[in-house]
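> Using our numbering, the first residue of the sequence shown is number 224, and each one after it goes up by one.
Every residue gets a Cβ at the ideal spot worked out from N, C-alpha and C, and that includes glycine.
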Amino acid sequence: MNKIPNVVVVGIGAVGVEMIRCLKQRKFPFAKLSIFARTARDTDIDGDTYSIQAIDPKGFEGIDIALFAGTEGEKGAAVTYADEAIKRGAVVIDNGADFRLKDEVPLVVPEVNKESIRGHKGLIANPNCTTIQMVVALAQIQKRFKLEQIILTSFQATSGAGKKASQRLWDETSEIAEANRGKNLDALDKNASGDSDIFAGQIAFNVIPKIGGFSRDNYTSEELKTVDETHKIFADPSIKITSTCVRVPVFTSHCEAVYFKTKKDASLEDISRALKESEGVVFYEDSQSFALPLEAEGKDEVFVGRLRRDSFNKSSFWLWCVSDNLRKGAALNAVQIAENLLVL
Ligand SMILES: NC(=O)c1ccc[n+]([C@@H]2O[C@H](COP(=O)([O-])OP(=O)(O)OC[C@H]3O[C@@H](n4cnc5c(N)ncnc54)[C@H](OP(=O)(O)O)[C@@H]3O)[C@@H](O)[C@H]2O)c1
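#1: May I ask whether a heavy atom of ligand 1 can be found less than 8 angstroms away from the beta carbon of residue 549?
#2: Is DSSP giving residue 276 helix, strand or coil here?
#3: Less than 9 angstroms separating the beta-carbons of residue 409 and residue 403?
#4: Our contact map puts residue 304 next to residue 280 with C-beta atoms below 8 angstroms; I'd like the distance itself, whole angstroms only.
#5: Tell me which residue opens and which closes the beta strand (DSSP E) that residue 365 is part of.
#6: Hey, which unbroken runs of the beta strand (DSSP E) at 3 residues or more fall wholly within the region 285-350?
#7: Excluding the 5 residues preceding and the 5 following residue 386 in the sequence, name in chain order all residues of the same chain whose CB lies nearer than 6 angstroms to its CB.
#8: Considering only residues of the same chain and omitting the five flanking positions on each side of residue 504, which have a CB-CB separation below 7 angstroms?
#9: Taking residue 479 as part of the beta strand (DSSP E), name the residues at either end of that continuous run.
#10: Please report the straight-line C-alpha distance between residue 289 and residue 261, rounded to a whole angstrom.
#11: Skipping 5 residues on each side, what residues in its chain have a beta carbon closer than 8 angstroms to that of residue 272?
#12: Quick check: residue 430 and residue 378, are their CB atoms within less than 9 angstroms of each other?
#13: Would you give the residue range spanned by the beta strand (DSSP E) that residue 260 belongs to?
#14: Shorter than 8 angstroms, the distance from the beta carbon of residue 304 to the closest heavy atom of ligand 1, or not?
#15: Which value, in whole angstroms, describes the spacing of the CA atoms of residue 565 and residue 559?
#16: What are the uninterrupted segments assigned as beta strand (DSSP E) that are 3 or more residues long and contained completely in the region 486-536, given in chain order?
#17: Under 9 angstroms, do residue 374 and residue 483 count as touching if we go by C-beta distance?
#18: Closest to residue 554 by C-alpha separation, out of 495, 245, 426 and 312, would be which residue?
#19: Per DSSP, what kind of secondary structure is residue 229 in: helix, strand or coil?
#20: Would you say the beta carbon of residue 480 is closer than 8 angstroms to some non-hydrogen atom of ligand 1?
#21: Quick check on DSSP: helix, strand or coil for residue 431?
#22: Give a yes or no on whether the C-beta atoms belonging to residue 230 and residue 561 are separated by under 9 angstroms.
#23: Have a look at residue 321 and residue 291 and give me their C-alpha separation to the nearest angstrom.
#24: Give me the Cβ distance between residue 351 and residue 452, rounded to the nearest whole Å; I'm assuming they're in contact under 8 angstroms.
#25: What's the call for residue 348, buried or exposed, on a 16-neighbour Cβ count within 10 Å?
#26: Any contact between the region 439-450 and the region 419-429? By contact I mean 3 or more CB pairs, one from each, below 8 angstroms.
#27: Could you tell me the boundaries of the alpha helix (DSSP H) in which residue 447 lies?
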C-alpha cells in the first residue's frame, strides 16, 4: 500500500477497544481513524474520547483498511458489511470465524505465515484466539521437526466471549460474594441467581467444558477451530490434532496445556532451542517456571513454560502456554496484519 491509509475499526466491544489501544501504542500510521458500531455515541478509551458512527455502507467510501471486530454469523458485522467495504476499495481484516476457512481468504498469524497476505483478494482473516497462541508457540517446532500430533486442553477467559461475558463473570462473582458476606466456608451458597444465556452454566466458581455449539464427532465449534485453522495456517493437514476447550472464571488471557509429538526425532534440548528462537514467544527455560493469566494480561507475547518430556513416548512433550486473548489472540494480530499490508 503506497499511501497513509484511512482506517476504520468496526465494532467497539472487547476486541475493538483493544484494537484502538494497539493502533495507538504501536503508532500505526493513518490519515483518518473512524469507528463504526450499531449505534452512534461517544466513548472514552484510556482517557481519550472517540466518536462512534452508526455503521452504514456509504461510511466505507475512502476507507483503505477496515479492521472488523463486530459480531459473527449471518447478521453479524462482517457478513453484512465486509463486501460493502471491499467493493469501495478497502482491505478487510476480519476477526470472526465467517470467512477463515474459505480457500481464497488468507488466514494469517504474521509470525507463522505472513507471506500468505500477498495473495489476498480484499479479505484477510484473523484466526481464533486459542489457535493463534498455540501456533505461535509451535511454529518453530513445526518448521524444524514437523508435528505428528497435538493434544490441546485450553482454559479460556470469559472475555473470549465478548464484553457481556466478562460482565456476567463479574456480576455472578459479586452477587455470590455479597450474599455470603460474613459466612464461613461450610455455610457458603455458591450459586448465582441469574440465567445462563451466555455460558452453558454459571461461570463464577465453576469451569465449563463447552465453548461454542456441539458439532462433528461431538466436538464443539471452538475445538474444531483449533483443528481446522491450525491445519490451514501451517498448510499441513497431516497433523493429528484433538482438543478440549474449557471456559474458566478468568477475565483475560487464555491458558493452554499443549501435548505434541514430532515426526523427526527431537530431544528436550532441541525443542527448548526452537522455543528460545521463536518470534513472539517468551520462553521460560527453567521447566518449573510458567506464566499466569494475570501476568500475560495487556502483554503482546505468548508465554511458554513447563516444557517437559513425555517419559513413555519419544519426541513427545508438554508445554504450558499463556497469552492475552484480546491482544495476540485478536486485536494485536489484526493490527500486525495491517502493518504487513503497509509494506507489501
Ligand atoms: N474476544 C475475543 O477474545 C476474541 C478473540 C478472537 C476473535 N474474536 C472475534 O472478534 C469479534 C468481536 O468480538 P468481541 O469479543 O469484541 O465482541 P463484543 O464485545 O460482543 O463486541 C461486539 C461489537 O460489535 C458491534 N457490532 C455487532 N453487530 C454489529 C453490526 N451488525 N454492525 C456493526 N457493529 C456491530 C457491537 O456494536 P454495539 O457496541 O453498537 O452494540 C460491539 O461494539 C467477534 O467476531 C469474535 O468472535 C474475539
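The short version:
#1: Answer for residue 549: yes, Cβ within range of ligand 1.
#2: Looking at residue 276 - three-state DSSP - the assignment turns out to be strand.
#3: No. Outside cutoff.
#4: Contact flag correct, Cβ pair sits at about 7 angstroms.
#5: If you look at residue 365, you'll find it isn't in any beta strand (DSSP E); it sits in the alpha helix (DSSP H) that goes 352-368.
#6: You should have 288-291, 314-317 and 346-348.
#7: Contacts found: 236 and 237.
#8: If you ignore the 5 residues before and after residue 504, its C-beta comes within less than 7 angstroms of the C-beta of 359, 360, 498, 524, 525 and 527, all in its own chain and listed in chain order.
#9: 477-485 is the span of the beta strand (DSSP E), which, as asked, contains residue 479.
#10: Roughly 16 angstroms between the two C-alpha positions.
#11: Excluding sequence neighbours, residue 272 sits near 265 and 266.
#12: Taking 9 angstroms as the cut-off, the beta carbon of residue 430 is found closer than this to the beta carbon of residue 378.
#13: Taken as a continuous stretch (DSSP letters only), the beta strand (DSSP E) holding residue 260 covers 255-260.
#14: Taken from the Cβ of residue 304, at least one heavy atom of ligand 1 lies inside 8 angstroms.
#15: One C-alpha to the other measures close to 10 angstroms.
#16: You should have 504-506 and 525-532.
#17: Yes, the pair counts as a contact, with Cβ atoms nearer than the cut-off.
#18: In terms of Cα proximity to residue 554, the closest of 495, 245, 426 and 312 is 245.
#19: In this structure, residue 229 counts as strand in the three-state DSSP scheme.
#20: Here the distance from the Cβ of residue 480 to the nearest heavy atom of ligand 1 is not below 8 angstroms.
#21: DSSP places residue 431 in the strand class (E or B) of the three-state scheme.
#22: Contact flag set, yes.
#23: Those two C-alpha atoms are separated by around 12 angstroms.
#24: About 6 angstroms separates the two Cβ atoms, so the contact holds.
#25: Residue environment: residue 348 is assigned as buried (16 or more neighbouring CB atoms within 10 Å of its CB, all protein chains considered).
#26: Fewer than three pairs of CB atoms, one per stretch, sit closer than 8 angstroms, so the region 439-450 makes no contact with the region 419-429.
#27: That run of the alpha helix (DSSP H) goes 444-457.
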